[in-house]
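In our numbering, the protein residues as written are 843 to 945. Beta carbons: idealized from backbone N, C-alpha and C, even for Gly. Right, one structure below, let's go through it.
Right, here's the structure in full:
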């Protein structure tokens with residue numbers, strides 16, 4: 843069962859550029875738009891097990907990064923500090939929608 847609330851859904855955002863025509867049709871002023879995507883991956887092969895998936899943009903702070911992670915245990919927040927050098931280096935490369943591993 844999905845731990846997300848009824849009014850929420852698993853997705854990630856991708857910034858796409860808009861042409862002049864696209865801006866006119868949508869009555870937009872910005873040259874870009876953040877589109878939301880959701881996906882389902884299906885395979886006949888057994889896939890790699892991941893610990894969780896990042897639900898929102900990681901909050902990068904001075905000396906630590908805060909993630910909201912969806913896993914089989916539910917939704918939780920995770921703080922990774924600079925003290926854990928290898929994990930911190932890995933965490934800096936993660937984005938919204940990325941799979942998460944803690945080791």
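In this structure, the beta-carbon distance from residue 892 to residue 901 does not fall below 8 Å.
Of the residues assessed, residue 911 falls on the buried side of the cut-off, its CB having 16 or more other CB atoms within 10 angstroms.
Residue 909 places its beta carbon 8 Å or farther from that of residue 924. For the pair residue 941 and residue 895, the CB atoms are nearer than the 8 Å cut-off.
A contact is defined here as three or more CB-CB pairs under 8 Å, and the segment 881 to 889 fails this definition with respect to the segment 926 to 933.
Residue 894 is bridged by DSSP to 913, 942.
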